[in-house]
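Participant: The structure is given below, and queries will be raised subsequently.
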Amino acid sequence: MTKMLKGIAASDGVAVAKAYLLTQPDLSFETVTVEDTSSEEARLDAALIASQDELSIIREKAVDSLGDEAAAVFDAHLMVLSDPEMIGQIKETIRAKQVNAESGLKEVTDMFVTLFENMDDNPYMQERAADIRDVAKRVLANLLGVKLPNPATIDEESIVIAHDLTPSDTAQLDAKYVKAFVTNIGGRTSHSAIMARTLEIAAVLGTNNITELVKNDDIIAVNGISGEVIINPSEEEIAAFKKAGQEYADLKAEWALLKDAETVTADGKHFELAANIGTPKDIEGVNDNGAEAVGLYRTEFLYMDSQDFPTEEEQYEAYKSVLEGMNGKPVVVRTMDIGGDKELPYFDLPDEMNPFLGFRALRISISETGDQMFRTQLRALLRASVHGQLRIMFPMVALLTEFRKAKAVYEQEKAKLQAEGVPVADNIQVGIMIEIPAAAMLADQFAKEVDFFSIGTNDLIQYTMAADRMNEQVSYLYQPYNPSLLRLINNVIKASHAEGKWTGMCGEMAGDQRAVPLLMGMGLDEFSMSATSILRTRSLMKRLDTEKMKEYAQRALTECSTAEEVLELQKEYLV
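Going letter by letter, the sequence shown gives residues 7 to 581 in my numbering.
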């Protein structure tokens, strides 16, 4: 029977194919009293090793298909598997209660999951609950001798249907066969959505109950642009979806022709389209998609992919590789952004009630704790500067005094290198990321001292709205087009231009096709986004007149009081 569902359009694309229901196997077990607890501990150890082997393979596949940044979640999973405190507690439970390994595993991991899930004011710990649940399920499956679903075995065109897709599941998807996926839960900023966009497959999330309505081999039509899903569509509906799919494919082919074109509007104004990257390996995709710059190099992955602090030499080689790979085009490197949801096992940070509002990013760098780490990174960057056009950006700046302190360290390390006879470029720009409303409001004063701003909208939105973007209960507050946020962005852009400086944007919003006209109208200079969004944005800009967009932005800023009104007004200006 035909049924239509509406969900969250999380990744563009249109597909019609058979359903592959990613259902979980029966992992139920009996709690058994045992005398030989040492053999149960041995069973646990064997299951942990088997799980580590499986996750290592999945991680390698994820690196190849998704890149280091997306694969970093598996480092967290492997850390859970080797957490001595948790494993010690499981073994202690087996011994103390004389129970089988399955029972000990479940009791302890359930306790940790509940503990972390109840930390409502700590998004990082809530995400760790999901990691523990995913890992515990894998260990339990190995204890029971049950195989978890393996999406990597899909060998015909399919649409994956699941309650949710774990990072492990998503990393195993082969875009050659998996044409789309649909889930009960999730949103645009979830792991699965980001991975879908990286793989360039359609995704509709948050349908609530698709798993209850679909059977294996049902025909599913998915439109990841509109968020529509049809179960067992009619011939006419299939034809309509296939037509939409062909139109999307034609559009992508049209966008591909713009790879080497300048980003110029209908009335001849140029904007810079840049890409966000996590590792030097991402540069190939950046160039393949015609980026004019790297607008954000997230250097924390150098730290997260290492067993210890990366050395000056290791960092120098990574930065040099990116600068050379961009052939003289600008590269904005963000200094180490650790803390919040990014922890290092070898760097002992204090436990905090709310790490997103705590000791993180530049706050660590300019502290006594992070001073040496910061200086090492700056030296590596300064040495690499001669290999391209380097721009350095400090993250999580709230106060002008924080920027001054960081800039002073930069100047000290630059002077030391020059005294040592080490060549350093003389055209390095030093700017800040605007993600805290305090800095956005004081942008006129910051603009006198920085060389540029780059607006990180993901954090700026959640800090402006006091709403965790990963919390589904308050996801309605994640509003990029809300006039309050638009006024903050406009304030930053105007302040930079008044001082002859430039402003870029490196958050999700920069590649959002509904936001681009607004941002053009406000005069944003540089748009940095996922490499796969660049060509479609260049195509959109070619059709827009900046004078009309200025009028639209001005009216949105002064006449609109809700995000809905801003988008409704847009219809008058986009034909």
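Glycine residues also receive a C-beta, built at the ideal position from the N, C-alpha and C atoms.
Return the first residue and the last residue of the beta strand (DSSP E) that residue 252 is part of.
Facilitator: Looking at the DSSP string, residue 252 is not in any beta strand (DSSP E); the run it does join, the alpha helix (DSSP H), is 241-262.
Participant: Could you spell out the range, first to last residue, of the alpha helix (DSSP H) harbouring residue 112?
Facilitator: Run containing residue 112: 107-123, per the alpha helix (DSSP H) assignment.
Participant: Quick one: using the 10 Å Cβ neighbour count with 16 as the cut-off for buried, is residue 102 buried or exposed?
Facilitator: Answer is exposed; the Cβ neighbour count stays below 16.
Participant: Alpha carbon to alpha carbon, what distance is there between residue 83 and residue 145?
Facilitator: 11 Å
Participant: Mark residue 429 as exposed unless 16 or more other C-beta atoms lie within 10 angstroms of its C-beta, in which case mark it buried.
Facilitator: exposed
Participant: Just to confirm the assignment: which complete alpha helix (DSSP H) runs, minimum length 4, are found wholly within the stretch 144-205?
Facilitator: 173-177 and 197-205
Participant: Look at the Cβ atom of residue 438, then the Cβ atom of residue 452, and state whether they are nearer than 8 Å.
Facilitator: With respect to the 8 Å criterion, residue 438 and residue 452 are classified as neighbours on the basis of their beta carbons.
Participant: When we look at the beta-carbon of residue 339 and count the other beta-carbons within 10 Å, is it buried (16 or more) or exposed?
Facilitator: With a 10 Å radius around the Cβ and a threshold of 16 neighbouring Cβ atoms, residue 339 comes out buried.
Participant: Closest to residue 116 by CA distance: which of 105, 164 and 140 is it?
Facilitator: 140
Participant: Would you call the stretch 89-97 and the stretch 41-60 in contact, with 3 or more CB pairs under 8 Å?
Facilitator: yes
Participant: Per DSSP, residue 15 is paired with what?
Facilitator: 210
Participant: Could you tell me the alpha carbon to alpha carbon distance between residue 465 and residue 194, rounded to whole angstroms?
Facilitator: 15 Å
Participant: With residue 302 as the anchor, note down where its alpha helix (DSSP H) starts and where it stops.
Facilitator: From DSSP, residue 302 is part of no alpha helix (DSSP H) but of the beta strand (DSSP E) over 299-304.
Participant: Excluding the 5 residues preceding and the 5 following residue 12 in the sequence, name in chain order all residues of the same chain whose CB lies nearer than 8 Å to its CB.
Facilitator: Non-local beta-carbon contacts of residue 12 in its own chain, meaning distances under 8 Å to residues more than five positions away in sequence, involve 213, 233, 234 and 235 in chain order.
Participant: Please confirm if the stretch 532-539 is in contact with the stretch 267-284, defined as three or more CB-CB distances below 8 Å between the two stretches.
Facilitator: Taking a cut-off of 8 Å on C-beta distances, the stretch 532-539 touches the stretch 267-284, as three or more cross pairs fall below it.
Participant: Under the three-state reduction of DSSP, which class applies to residue 365: helix, strand or coil?
Facilitator: coil
Participant: Are the C-beta atoms of residue 316 and some chain C residue less than 8 Å apart?
Facilitator: Looking at the structure shown, chain C is missing, and only one protein chain is on hand.
Participant: Pull up the distance between the alpha-carbon of residue 142 and that of residue 180, whole angstroms please.
Facilitator: Here the C-alpha atom of residue 142 lies approximately 25 Å from the C-alpha atom of residue 180.
Participant: Beta-carbon within less than 6 Å of residue 556's beta-carbon, same chain only, minus the 5 sequence neighbours each way: which residues are those?
Facilitator: 527
Participant: Roughly how many angstroms separate the alpha carbons of residue 327 and residue 334, rounded to a whole number?
Facilitator: 12 Å
Participant: CB-CB under 6 Å to residue 175, same chain, minus the five flanking residues each way: which ones, in chain order?
Facilitator: 157
Participant: For residue 580, which of helix, strand or coil comes out of DSSP?
Facilitator: coil
Participant: So, is residue 28 buried or exposed, given that buried needs 16 or more other C-beta atoms within 10 angstroms?
Facilitator: buried
Participant: If you drop the 5 nearest sequence neighbours on each side, which residues of the same chain put their C-beta closer than 8 Å to that of residue 397?
Facilitator: 336, 337, 338, 339, 434, 435, 436, 437, 457 and 458
Participant: Quick one: what does DSSP say residue 534 is sitting in, helix, strand or coil?
Facilitator: strand
Participant: Assuming residue 322 and residue 19 form a contact by the criterion Cβ under 8 Å, report the distance between their Cβ atoms to the nearest whole angstrom.
Facilitator: The pair is not a contact, with the Cβ atoms about 40 Å apart (cut-off 8 Å).
Participant: What is the DSSP secondary structure of residue 491, counted as helix, strand or coil?
Facilitator: helix
Participant: To test your reading of the DSSP string, which unbroken beta strand (DSSP E) runs of 3 or more residues are found completely within the stretch 416-492?
Facilitator: 435-440 and 458-461
Participant: Have a look at the DSSP bridge pairing and note the partners of residue 9.
Facilitator: 237
Participant: I'd like to check one pair, residue 400 with residue 368: are the Cβ atoms closer than 8 Å?
Facilitator: yes
Participant: Using the DSSP secondary-structure output, state which residues sit across from residue 280 in a beta bridge.
Facilitator: 299 and 534
Participant: Using the Cβ count rule (16 or more neighbours within 10 Å means buried), how would you classify residue 584?
Facilitator: Past the boundaries of the shown model lies residue 584; the chain is included only from 7 to 581, so the question cannot be answered.
Participant: What residue range does the alpha helix (DSSP H) around residue 291 cover?
Facilitator: Counting along the chain, residue 291 sits inside the alpha helix (DSSP H) bounded by residues 289-294.
Participant: Give me the Cβ distance between residue 541 and residue 262, rounded to the nearest whole Å; I'm assuming they're in contact under 8 Å.
Facilitator: 6 Å
Participant: In angstroms, rounded to a whole number, what distance separates the CA positions of residue 270 and residue 276?
Facilitator: 5 Å
Participant: Using a Cβ distance threshold of 8 Å, determine whether the stretch 516-526 contacts the stretch 221-233, with at least three qualifying pairs required.
Facilitator: No, the stretch 516-526 is not in contact with the stretch 221-233.
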